[in-house]
Structure formats: C-alpha cells, structure tokens
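*Asks:* For what it's worth, UniProt numbering labels the leading residue of the sequence shown as 1, then goes sequentially.
Once you've had a glance at the structure underneath, I'll fire off some questions.
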Amino acid sequence: MNPVNSARTVNVGICGLGTVASGTVNILTRNKKLIDARSGCNVSIVQIGARRDNPKVDTSGYSVTRDIFDVVNNPAVDIVVELIGGTTVAKDLVLTAIANGKHIVTANKALIAHHGDEIFAAAKAKGVTVAFEAAVAGGIPIIKSIREGLAANNIEWLAGIINGTTNFILTEMRDKGRAFEDVLKEAQELGYAEADPTFDVEGIDAAHKLVILASLAFGIPLDVKKVFTEGITKISTEDVNYAEELGYRIKHLGIARRSAGGIELHVNPTLIPEKRLIANVDGVMNAVLVKGDAVGPTLYYGAGAGAEPTGSSVVGDIVDVARTLLADPAHRVPYLGFQDEFVTEQKHLPMDEIETAYYLRMSALDKPGVLSKVATILSDSGISIEAMIQKEAKEGESTVPLILLTNRVQEKKMIAAISKIESLDSISAPVVRIRVESLK
Ligand code: HSE
1 MNPVNSARTV NVGICGLGTV ASGTVNILTR NKKLIDARSG CNVSIVQIGA
51 RRDNPKVDTS GYSVTRDIFD VVNNPAVDIV VELIGGTTVA KDLVLTAIAN
101 GKHIVTANKA LIAHHGDEIF AAAKAKGVTV AFEAAVAGGI PIIKSIREGL
151 AANNIEWLAG IINGTTNFIL TEMRDKGRAF EDVLKEAQEL GYAEADPTFD
201 VEGIDAAHKL VILASLAFGI PLDVKKVFTE GITKISTEDV NYAEELGYRI
251 KHLGIARRSA GGIELHVNPT LIPEKRLIAN VDGVMNAVLV KGDAVGPTLY
301 YGAGAGAEPT GSSVVGDIVD VARTLLADPA HRVPYLGFQD EFVTEQKHLP
351 MDEIETAYYL RMSALDKPGV LSKVATILSD SGISIEAMIQ KEAKEGESTV
401 PLILLTNRVQ EKKMIAAISK IESLDSISAP VVRIRVESLK
C-alpha cells in the first residue's frame, strides 16, 4: 500500500539560499520519496525566496522569487522555512508568516533567543507551530531529545560544545599548532562561521543556543541577557598545553545548571578531564551532555554546522509539521516543551555565586618564598590546591610559570584571592583564570 496520502500536499516555501538553505533544498530534492513516505504527505517546495542564487544548489525545477516576502504572502505555502538569519528582517518575515497562518521552521538561533517568547505568543494565538531544531547544535536532534525523549526527567544540568567554529579552531590550534586567524578563515570558507564571526569566537552564538536549551530544560522564559558569555580569543597555546599536561582539554562550553541557589547560565572556555567522552569531541562536531534525575547522564553528538547536517534538522522539522497537519491540524507541541502556563521565571544564580574549580596560571619571579605566599593566600581563603606544575626558568628569563588546579570554590572568593595574589611583588603579570568542570 502506498503510505503517502497524495491528496494531501504540504507546500513548503523557503526563505534564503545560503549554506543551510542549500542543504535543505538538496535533501528535500534528493530524498523526496523517503520524506513523503515518512510524513505521509506529498512534501513539495512551492517557492524559494532569495536575493541571489547559490551555485551549491540547483533551483531550476523550482519557482524562485527575489522578494522573500512573496513566500510568506503566497496563499499556497503551508510551511515557511526561514533561513535568512539575523533578527530584524527575519523577525518581520516570521511574524508576517504567522499572521498569514503559516507554520514556521527556522534555523535562526538569534531570532529564537531574542524574540522567541514574542514569536511563540503570536504563533499560539494563530494556532500554528514554530519548529527550531536546527537552531541548536546543527544536525543533533537535541531539542527533540530534551523536549520529548527526556520529558520524564528533572534536568539537573547540561553542558555542551554548541559552536562548531570555536571547536574547530581550538582543535586545530591544539593538534596542528595553527594560528587562530588562519583556522577561522577556513571555518568561514567551509560555511561553519556566522556572517559576523565574532558571534562565534566571542561566544554570542553559543549563548543564543544555551538559552534555548536552558528554557527547554528548566521551563524558563528565553532571556539571553542572563547568559554570562566569554569567548575563546584569550586562550593561548600555552594554556592548551598545560591543560594537557594536567590531564585536561580546554573546550568552549555552554553550561546550564540548576542548584539550590538558582539557575546558572554561562558560556566560557572550560578545562574538562580528557577521559570524558565530550573532551574528545573535535573539529566542527558538537556534543551536549544532559543530566536528568531519572536517566542519569546522556550524551548527544554530531555535526554542529554545515549545509546538510543543519539541513537534516530543518527537514526533520518539516516532516514533523507535515505529520501534524495530516493527523490533527489543531495539535501543536508546546514550543519550549512545557505547557505555556508552566514557563515561569526562576531564581537566577549570578556568576560571582557559582561554584567551580579553577586553573590558574601565574608568572612568578624566580626567588624563594613565592610559592608559599601564593599557597598562604589560597589557604587563608579556604581554597585548596589539587595539582600544580612549576617549570624551571628558561635561560635569560627571570620569571617562571606557576600553574595550579584548585578545588571547587565560589567565584567571588576566587576573584578576591586572585586580587591578593596579583598584589604580591613577586607576581609579575595578571593571573590567567580558567574554570574547570568535572562533568560527573
Ligand atoms: N556558526 C555556527 C557554528 C553555525 O559554528 O556552530 C551553526 O549554528
């Protein structure tokens, strides 16, 4: 029996023709039979709106318009796929589409992170779906995993490598000693990087994704301002190498954790034990560790950027929406995985109250007593030293690097102790401080 209800055509309109759109169109074209069989409908691209062509996709069989608003105003379109990026025109486009009764599939993390609550409210009023699997971790179905697969769990924490570009850069720096700028250029050429790559290297893109994951995990409104954000531009090869010597890797992590004090949200370079699976996630690959009270730790891994991996998530969402339309057009999955009345503000834990272990690197004058002064300051502050490296001074140099790993301590205590250490005459440069997580 043919499983496809050929009487039910679901018409897709695609806005944008960049990297992700090229992957989406290519998958929808190549796997059309499979997608129809999985959705039970005839899923057709009826219009593509793009200011310019993309040599990586053959659009000759499709109707192409140069005005993306033609797509959202096209009465034949059931699902608008927003792949133009940004938060201004994209927001307008999505709200117009919703007002016209279209369902939305988007890969736009900035749009959801900044305007998700407003978009969901408009969509709810119209009874349409907004699906955004491709917005976080490219091809990994992490939204569906948290929203559906882990729905039974109180999520305790999640930690993710959620930006492919920074992971690619850190991996190449570590493995090949390549220069930062050179690797970033390659990431741009490969289509991994954002239009403005500072979004990647300064952690803004990861912050957008983290806030979406945290909202799904904890049922909190989307508020990107609550995410403390630190990029990878200050990470030096020296620190990468000392971390290795101590049995750790430096990864750019997004962390969301709920503890008695509140919910902490931060994106920053982090030392993690090299024996953790996630420490071995390299290149453009992403991974998200989610700890639920019932399931324990779970790990999701896959390509975090690129045309077809991200297109895979977009097309997965199209199939989901198409199935819903066929089964029960009035049904919609709650946007953030909690029924709307249960999405509520919860206490936020400010950064100076979070607790982590620390990697500290200091430049100490090569003379007696320095180490004991540093150790005294730390112990007077209730901070214990877990591991240490001290190298001999290089020929002709008067300072030696002193590297310490500490126990877990409240951030404000550590900052106060560092300020005392930096005031010692025998410490010649600002102390490098990187957070350490055991991820157990
Ligand atoms: N610039 C993003 C990244 C693309 O590198 O992960 C996927 O969101």
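Note that the Cβ used here is the ideal one computed from N, Cα and C, for glycine as well.
A quick note: this is a predicted structure, and the numbers were derived from the prediction, not measured.
I need the DSSP call for Gly13, collapsed to helix, strand or coil.
*Replies:* When secondary structure is reduced to three states using DSSP, Gly13 falls in the strand class.
*Asks:* Could you pull the start and end residues of the alpha helix (DSSP H) that Ser215 belongs to?
*Replies:* Annotation: the continuous alpha helix (DSSP H) that includes Ser215 extends over Ile204 to Phe218.
*Asks:* Looking only at its own chain, which residues have a Cβ that is under 8 Å from the Cβ of Asp282, when we skip the five neighbours before and after it?
*Replies:* In the same chain as Asp282, and ignoring 5 residues on each side of it, the C-beta atoms closer than 8 Å to its own belong to Asn167, Thr171 and Asp175, in chain order.
*Asks:* When the Cα of Ala131 is compared with those of Thr324, Glu202 and Val183, which residue comes out closest?
*Replies:* Ala131 has its Cα closest to that of Thr324, out of Thr324, Glu202 and Val183.
*Asks:* Return the residue from the list Glu392, Ile27, Ile418 and Asp320 that minimises the CA-CA distance to Thr376.
*Replies:* Ile418
*Asks:* Under the assumption that Ile267 contacts Ala207 (Cβ atoms under 8 Å), give the Cβ distance between them as a whole number of angstroms.
*Replies:* It should be noted that the sequence gives Val, not Ile, for residue 267. Val267 to Ala207, Cβ: 5 Å. Contact.
*Asks:* Whose C-beta lies closer than 6 Å to the C-beta of Ala322 among residues of the same chain, with five residues either side of it excluded?
*Replies:* Val10, Ser39, Cys41 and Val43
*Asks:* Specify, as a first and last residue, the run of the alpha helix (DSSP H) that Ala97 falls within.
*Replies:* Val89 to Ala99
*Asks:* Indicate the three-state DSSP secondary structure (helix, strand or coil) for Gly127 in the structure shown.
*Replies:* coil
*Asks:* Just curious, the beta strand (DSSP E) that Lys251 is in, first and last residue?
*Replies:* Per DSSP, the unbroken beta strand (DSSP E) holding Lys251 starts and ends at Tyr248 to Ser259.
*Asks:* Check whether the Cβ atoms of Ala364 and Ile318 sit closer than 8 Å, and answer yes or no.
*Replies:* no
*Asks:* So, helix, strand or coil for Gly149, using DSSP?
*Replies:* helix
*Asks:* Cα-Cα, which of Val183, Asp78 and Gly262 is closest to Gln346?
*Replies:* Gly262
*Asks:* What does DSSP give as the partner residues of Ala287 in its beta bridges?
*Replies:* Ile161 and Tyr301
*Asks:* Would the beta-carbon of Ile434 fall within 8 Å of that of Leu271?
*Replies:* yes
*Asks:* Are the CB atoms of Ser381 and Lys412 within a distance shorter than 8 Å?
*Replies:* no
*Asks:* Specify, as a first and last residue, the run of the alpha helix (DSSP H) that Leu365 falls within.
*Replies:* Premise fails: Leu365 lies in the beta strand (DSSP E), Glu355 to Leu365, not in any alpha helix (DSSP H).
*Asks:* Who are the Cβ neighbours of Thr316 in its own chain at under 7 Å, not counting the five residues just before and after it?
*Replies:* Here the sequence assigns Gly to residue 316, which means Thr is not the residue at that position. Within the same chain, Gly316 has close Cβ partners Glu133 and Pro141.
*Asks:* Assuming Lys109 and Val81 form a contact by the criterion Cβ under 8 Å, report the distance between their Cβ atoms to the nearest whole angstrom.
*Replies:* Contact doesn't hold; Cβ gap of about 15 Å is too wide.
*Asks:* Give me, in chain order, the residues of the same chain whose beta-carbon lies closer than 8 Å to that of Val343; leave out the 5 immediate sequence neighbours on both sides.
*Replies:* Ser215, Gly219, Ile220, Pro221 and Leu336
*Asks:* According to the neighbour-count rule (16 or more other Cβ atoms, all chains shown, within 10 Å of its Cβ), is Lys440 buried or exposed?
*Replies:* exposed
*Asks:* Go through the residues and name those whose CB comes closer than 6 Å to any heavy atom of the ligand HSE, in chain order.
*Replies:* Summarising the contact set, residues whose Cβ lies nearer than 6 Å to any heavy atom of the ligand HSE are, in chain order, Gly138, Asn163, Gly164, Thr165, Tyr192, Ala193, Glu194, Asp200, Asp205, Gly304 and Ala305.
*Asks:* Count the other CB atoms, across all protein chains shown, that sit within 10 Å of the CB of Glu274; report buried if there are 16 or more and exposed otherwise.
*Replies:* exposed
*Asks:* Which residues bound the alpha helix (DSSP H) around Gly49?
*Replies:* Where Gly49 is concerned, there is no enclosing alpha helix (DSSP H), although the beta strand (DSSP E) it sits in stretches over Asn42 to Gly49.
*Asks:* Whole angstroms is fine: what's the gap from residue 456's alpha carbon to Val46's?
*Replies:* Nothing can be reported for residue 456: it is not among the residues displayed for the chain, which extend from 1 to 440.
*Asks:* Using CA coordinates, which residue listed in Ala90, Asp36, Val64 and Val227 is at the minimum distance from Ala107?
*Replies:* Nearest C-alpha to Ala107: Ala90.
*Asks:* If you follow the beta strand (DSSP E) that Gln390 is part of, which residue opens it and which one closes it?
*Replies:* Ile385 to Gln390
*Asks:* Looking at the unbroken alpha helix (DSSP H) that takes in Gly23, where does it start and where does it end?
*Replies:* For Gly23, the enclosing alpha helix (DSSP H) has its first and last residue at Thr19 to Arg30.
*Asks:* In chain order, what residues of the same chain have a beta carbon less than 7 Å from the beta carbon of Val284, not counting five sequence neighbours either side?
*Replies:* Gly164, Asn167, Phe168, Tyr192, Ala303, Gly304, Ala305 and Gly306
*Asks:* Using the Cβ count rule (16 or more neighbours within 10 Å means buried), how would you classify Gly13?
*Replies:* buried
*Asks:* Under the three-state reduction of DSSP, which class applies to Leu277: helix, strand or coil?
*Replies:* helix
*Asks:* Can you grab the Cα-Cα spacing for the pair Val72 / Arg8, in whole Å?
*Replies:* 20 Å
*Asks:* For the candidate residues Glu230, Thr237, Val224 and Ala279, whose alpha-carbon lies nearest to that of Asp117?
*Replies:* Val224
*Asks:* Starting from Ile79 and walking both ways along the beta strand (DSSP E), at which residues does that stretch end?
*Replies:* Ile79 to Glu82
*Asks:* Report the three-state DSSP secondary structure of Met1 (helix, strand or coil).
*Replies:* In this prediction, Met1 has a pLDDT of 34, which is less than 50 and means its spatial position is unreliable; what the coordinates show is noted afterwards. Met1: coil per DSSP, three-state reduction.
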